[in-house]
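Residue numbers (our numbering): 778 to 1072.
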């Protein structure tokens, strides 16, 4: 009986290990395929992840990039931008953020749709150009995110505890998987300099940070001195290196599709929980089967 019990425990451990193995190294890193369930094919995916890294866009299960921008959307984004709260993952969280934005006068109302003029006014005090846009037209959420990301300047980033990070080819990635309650820690070498990465870095590219070696970083963000929200580099976007002099530029502009990069299947928090539940069911079935055989 003891031999059977020992075999059962070993088998259970192997099952659980096979289900969860490999995910720990990058389970806390989210990219355009795992940050939201519906943005991977959007031309604005990179900018959506960029604003999420800056804690401007609520981390809801889906983003709906093609949906019309509403005043409630604008209110929640502005509340996060002005650091009136955090979160926004649930409808109740969003309602709190929206009410705070209204109370602080960041938006005049929570009713109806937002407009291009509203985006320019509420985020940039009307100081950015709307050339080529109908000010009264309603943008899609993805379009609005790309517009905001494209007009974020150094002063605005500094207010958010961030600054532009390094660009260039990734020469090496050094890291180790976390233990216990600690996430893995990584260092990325760009231009001969080592940069520590935040444990919750958002990326446009491989979710597994070890696969970034050899890729070219076209845009990144790092924590400004004294930042409490981030540590080191906390956003990375892979793309094409700039063209040589005399050639057409190859780098994608903000909001354009990014090159595909190979990576293992993404491990979002939801999928990890489902794997855990599946593993538990397998273990329970094994215990019941063994119990019958021992009688």
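Backbone N, C-alpha and C fix where the C-beta goes; we use that ideal spot for every residue, glycine too.
Indicate the three-state DSSP secondary structure (helix, strand or coil) for residue i in the structure shown.
i            : result
residue 873  : helix
residue 936  : helix
residue 825  : helix
residue 987  : helix
residue 1006 : coil
residue 1039 : Since pLDDT at residue 1039 reaches only 46, below the 50 mark, its modelled position is unreliable, and no value is offered.
residue 898  : helix
residue 945  : strand
residue 971  : strand
residue 917  : strand
residue 866  : coil
residue 813  : coil
residue 858  : helix
residue 931  : helix
residue 924  : helix
residue 907  : coil
residue 830  : helix
residue 1021 : coil
residue 880  : helix
With a 10 Å radius around its C-beta and 16 neighbouring C-beta atoms as the bar for buried, classify residue i as buried or exposed.
i           : result
residue 822 : buried
residue 860 : exposed
residue 935 : exposed
residue 850 : buried
residue 818 : exposed
So what does residue i bridge to, in DSSP terms?
i           : result
residue 848 : Answer is none; residue 848 lacks a bridge partner.
residue 979 : 807 and 1012
residue 999 : 940 and 1010
residue 994 : 945 and 1015
residue 890 : 847
With 9 Å set as the bound, which would you pick, yes or no: does the beta-carbon of residue i sit closer than that to a beta-carbon of chain B?
i           : result
residue 996 : Of the chains in the structure shown, none is chain B; there is only one protein chain.
Compute the distance between the beta-carbons of residue i and residue j, then report whether it is under 9 Å.
i            : j           : result
residue 855  : residue 884 : yes
residue 994  : residue 969 : no
residue 838  : residue 853 : no
residue 1074 : residue 919 : Any property of residue 1074 remains undetermined from this structure, which presents the chain solely from 778 to 1072.
residue 827  : residue 950 : no
residue 986  : residue 974 : yes
residue 811  : residue 946 : no
Quick one: measure Cβ to Cβ for residue i and residue j, integer angstroms, because I've assumed they're closer than 8 Å.
i           : j           : result
residue 908 : residue 892 : At roughly 15 Å, the Cβ-Cβ gap does not stay under 8 Å, so residue 908 and residue 892 are not in contact.
residue 941 : residue 998 : 7 Å
residue 917 : residue 845 : 6 Å
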